[in-house]
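Colleague: Take a look at the following structure, please.
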Amino acid sequence: MRSTEPASGAAAVWDIATPSRPGPLPGVGMAGFRARTADPVDLSVVPYPAVTVAVDLGEAPLAVEDGDGGLHRGSVVVGLAPTGVHGRGRAIECLQLRLSPVVAHAALGGCAAWGRGVVPLRELWGREAGRTRERLRLAGSWQERFAIAGAELARRYEEGRRVDPEVAFVWGRLVTHRGGIEVERLAAEVGWSRKRLWSRFRSQIGLSPKRAARLVRFDDAAHRLAAGRSAADAAAEAGYADQSHLHRDVRDFAGVTPAAVAGAAWLAVDPVAWTGPPSPRPA
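Here the numbering used here = 1-based position in the sequence shown + 92.
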């Protein structure tokens with residue numbers, strides 16, 4: 093376990109553990125979070141180009157409010173581009189998984205439910221969600237927990253229904269180019285019509301290719317803002333036409349201003365918990 097000691101700010105709320113070695117399944121990131129305080133913790137979720145699974149391991153249930161006013165308690169799956177999602181709880185302890193949507197399609201059992209919203213994990217895994225949670229709670233270390241979660245995801249991925257190789261390829265290209273590549277070009281590269289790519293990609297990833305590209309670019313800009321770059325610099329470096337273009341995307345995805353994104357607690361832990369975004373599963 094690697095436990096962090098951030099000096100100040102939102103990240104100081106957490107003890108964070110990360111895996112000591114890569115897991116068995118590419119396209120999956122993991123981190124363990126334990127709150128340093130018994131006081132209530134409230135987090136606004138910033139959309140990220142991965143499907144996020146939060147396995148609640150604490151004594152008091154984690155509460156996650158979705159953008160439609162629904163309240164979910166316990167382990168949840170947060171989709172690719174949710175808006176208005178907030179998590180809160182006391183003495184929080186959870187295992188967080190970030191899955192490339194290419195992996196999530198097979199490992200979580202489809203994407204219709206989690207494309208843009210919040211879904212209880214039990215709705216996707218049934219009773220096995222509770223049994224897996226108990227195994228994780230009883231594990232003797234975070235490293236053991238990472239091994240259990242990695243093996244479970246790998247098993248479900250192998251048994252699940254894969255995305256089309258063309259869809260996996262297009263997702264990988266969007267991530268590699270940080271959203272800065274034309275969808276028409278990608279359709280030509282896989283030999284599909286634009287209409288076919290749009291239909292297959294949306295049905296298997298949960299977003300249209302264009303919105304997925306915007307999400308990847310927004311994430312790039314959001315992390316630049318969190319690292320201290322000005323809105324003008326972040327816009328230019330992330331490939332936006334101008335600063336107002338960045339403002340529109342930030343408002344669309346996060347519902348706030350670039351300044352608010354720069355100070356978001358959800359992003360404050362990223363340099364410690366995640367070395368980078370989950371890589372797409374090779375086709």
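Glycine included, every Cβ here is placed at the ideal spot set by N, Cα and C.
Suppose you measure from the CA of Ala109 to the CA of Ala241; what does that come to, to the nearest Å?
Modeller: What you label residue 109 is simply residue 17 of the sequence shown in a count that begins at 1. What you label residue 241 is simply residue 149 of the sequence shown in a count that begins at 1. Looking at the two C-alpha atoms, the distance is approximately 14 Å.
Colleague: Spatial neighbours of Phe238 within its chain, please: CB distance less than 6 Å, with the 5 preceding and 5 following residues excluded, ordered by chain position.
Modeller: Looking up residue 238 in the sequence shown gives position 146. Contacts found: Pro111 and Met122.
Colleague: With three or more C-beta pairs closer than 8 Å as the rule, is the segment 328-345 touching the segment 302-312?
Modeller: Judged by Cβ distances under 8 Å, the segment 302-312 makes contact with the segment 328-345, as three or more pairs qualify.
Colleague: Could you tell me whether the Cβ atoms of Pro174 and Val145 are closer together than 8 Å?
Modeller: Position 82 of the sequence shown holds residue 174. Position 53 of the sequence shown holds residue 145. Cβ distance not < 8 Å, so Pro174 and Val145 don't count as in contact.
Colleague: Need the endpoints of the beta strand (DSSP E) that Ile108 sits in, please.
Modeller: Along the sequence shown, read from residue 1 onward, the residue named residue 108 stands at position 16. Per DSSP, Ile108 belongs to the beta strand (DSSP E) from Trp106 to Ala109.
Colleague: Hey, out of Val275, Ala196 and Val211, whose CA is closest to Glu77's CA?
Modeller: Coverage of the chain is limited to positions 93 through 375, which leaves residue 77 absent and any answer about it impossible.
Colleague: Could you tell me whether the segment 255-264 touches the segment 273-286, where touching means 3 or more Cβ pairs closer than 8 Å?
Modeller: At 8 Å Cβ cutoff, the stretches touch.
Colleague: Using the rule of at least 16 other Cβ atoms within 10 Å of the residue's Cβ for burial, across every protein chain shown, is Ala305 buried or exposed?
Modeller: Position 213 of the sequence shown, counted from the first residue, corresponds to residue 305. Buried is the call here.
Colleague: Please report the Cβ distance between Arg190 and Ala152, rounded to the nearest whole angstrom; I am assuming they are in contact, meaning their Cβ atoms lie under 8 Å.
Modeller: Residue mapping note: residue 190 aligns to position 98 of the sequence shown, counting from 1. Residue mapping note: residue 152 aligns to position 60 of the sequence shown, counting from 1. Going by Cβ atoms, the distance from Arg190 to Ala152 rounds to 24 Å, so no, they are not a contact pair.
Colleague: Note down, in chain order, each residue of its chain lying with its Cβ closer than 6 Å to the Cβ of Arg254, except the 5 sequence neighbours on either side.
Modeller: By one-based count along the sequence shown, residue 254 stands at place 162. The answer, listed in chain order, is Ala198.
Colleague: Could you spell out the range, first to last residue, of the alpha helix (DSSP H) harbouring Arg126?
Modeller: By one-based count along the sequence shown, residue 126 stands at place 34. Looking at the DSSP string, Arg126 is not in any alpha helix (DSSP H); the run it does join, the beta strand (DSSP E), is Val120 to Ala127.
Colleague: Would the beta-carbon of Cys186 fall within 8 Å of that of Val147?
Modeller: For the purposes of this step, residue 186 is taken as the residue at position 94 of the sequence shown. For the purposes of this step, residue 147 is taken as the residue at position 55 of the sequence shown. In contact: Cys186 and Val147 (Cβ atoms closer than 8 Å).
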